[in-house]
Amino acid sequence: MRAVALGGGHGLHATLTALRRITTDVTAVVTVADDGGSSGRLRRELGLLPPGDLRQALAALAAADDGGARWAEVFQHRFGGTGALTGHAVGNLLLAGLFEVLGDPVAGLDEAARLLGVSGRVLPMSTDPLDIEAEVTGLEPDGGVSRIRGQVAVASTPGQVQRITLHTPGRPGRPPAACPEAVEAVLSADAVFLGPGSWFTSVLPHLLVPELHDALVRTTATKVVILNLIPQPGETAGFSPERHLDVLFEHAPRLRVDAVIADRGSVPTPARLRSAAAALGGRAHLASVAAPGVAGRHDPDALAGCVREALGLESAREGQ
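So in UniProt numbering, spot 163 of the sequence shown is number 163, and the numbers just go up one at a time.
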């Protein structure tokens with residue numbers, strides 16, 4: 001099965017870890033709007049794609065043998081101390097070097113994937129660094145709408161995010177350009193996954209890159225949305241599970257999905273979620289997919305089992 005997962009950060013890491021239990025042909029399509037931490041520093045200083053979310057995806061797909069596991073550990077290691085390297089992840093620096101030496105982020109990611117023994121592929125959703133701009137309510141005394149820009153600012157706003165747009169700083173006024181390899185991966189996939197993750201800064205941005213949006217609408221792949229376990233302070237505070245789907249539709253009215261996966265314990269009103277999923281053309285699959293004792297994290301084995309069910313792979317396996 002050719003699986004494509006779109007997202008960023010810890011949410012995408014969770015999906016990729018689960019998908020590895022089902023297939024070896026996994027492509028990660030990763031957001032490139034991060035402007036904070038080590039990634040933000042490298043982006044500002046070198047003008048490169050922010051590497052952090054790309055690094056996380058590579059680590060999630062690294063080979064399980066000793067070599068792959070060791071390199072994944074090194075990739076994720078962050079320098080301490082008080083000098084210039086403080087806070088930088090080794091993988092971020094290595095990816096930045098590959099991007100500069102090879103002059104092509106896709107080639108750089110493919111080279112890093114070989115180093116880690118990745119059997120799938122990690123791709124950026126765009127080969128240009130992007131900026132997120134959000135319309136936010138609740139920040140002005142008069143109740144008006146504020147505009148804030150930058151992934152960190154959007155993710156940490158005390159207001160309520162209503163809508164986001166994407167901008168390409170190097171090409172003002174022009175829509176974000178999709179990575180061609182990412183578009184091809186979506187069109188040729190058997191299954192495509194959106195979420196979990198920061199809804200406005202990791203999941204929805206993929207729908208705002210026109211060529212990638214069109215590929216998600218046109219693909220014949222089974223489309224699956226994986227919902228978060230808990231609302232995220234700032235971005236989705238107070239959101240119900242079904243509100244996440246409503247926002248998805250507001251940003252991409254032509255998108256239809258086949259399945260919505262949610263944790264049974266995180267859905268107070270299952271009937272409403274089933275109705276919201278049906279409005280997008282899909283069916284809600286509720287299961288216990290939360291990692292025990294770890295708030296907000298999915299259990300990879302449980303999530304993989306629910307994915308198999310949503311794709312009809314469990315019944316096929318039982319019939320063999």
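Just so it is clear, CB atoms sit at the ideal spot from N, CA and C, and this is done for glycine as well.
Remember, predicted model here, so these are calculated numbers, not experimental data.
Taking residue i as the reference, give the member of the options with the closest Cα.
i	options	result
Leu303	Pro158, Pro268 and Pro196	Pro196
Phe249	Thr220, Leu280, Ala271 and Pro180	Leu280
Gln162	Ile148, Gly47 and Val152	Ile148
Gly144	Leu130, Gln160, Ala287 and Ala276	Gln160
Leu187	Asp246, Thr27 and Leu16	Thr27
Ala63	Leu115, Gln56 and Leu95	Leu115
Pro176	Leu207, Glu100 and Leu46	Leu207
Pro158	Ala89, Ala237 and Thr201	Ala237
Asp258	Pro241, Pro231, Val192 and Leu12	Val192
Ala14	Ala290, Gly312 and Ala185	Ala290
Glu181	Ala215, Pro169, Thr168 and His244	Ala215
Ile226	Ala185, Gly170 and Arg283	Arg283
Arg218	Ala271, Cys179, Ala185 and Gln232	Ala185
According to DSSP, which residues form a beta bridge with residue i?
i	result
Ala191	Ala3 and Thr222
Pro124	Val30
Ser288	None, per the DSSP bridge assignment.
Gln160	Thr137
Ile132	Leu166
Can you tell me whether residue i is buried or exposed? The criterion is at least 16 other CB atoms within 10 Å of its CB, across all chains shown.
i	result
Thr137	exposed
Arg256	exposed
Gly8	buried
Pro300	buried
His251	buried
Ser275	exposed
Val4	buried
Arg20	buried
Glu235	buried
Val294	exposed
Pro105	buried
Val101	exposed
Pro50	buried
Leu204	buried
Gly173	exposed
Glu73	exposed
Leu95	buried
Pro253	exposed
Glu45	exposed
Gly305	buried
Ser266	buried
Ser288	exposed
Kindly give me the distance between the Cβ atoms of residue i and residue j, rounded to whole angstroms, as I take these residues to be in contact under 8 Å.
i	j	result
Leu48	Leu109	No, Leu48 and Leu109 are not in contact; Cβ-Cβ is about 12 Å, not under 8 Å.
Leu58	Val122	5 Å
Val247	His285	Going by Cβ atoms, the distance from Val247 to His285 rounds to 20 Å, so no, they are not a contact pair.
Ala18	Val307	6 Å
One question on the structure: do residue i and residue j come within less than 8 Å of each other, judged by their Cβ atoms?
i	j	result
Pro124	Val30	yes
Asp25	Gly117	no
Thr222	Asp190	yes
Ala155	Ser198	yes
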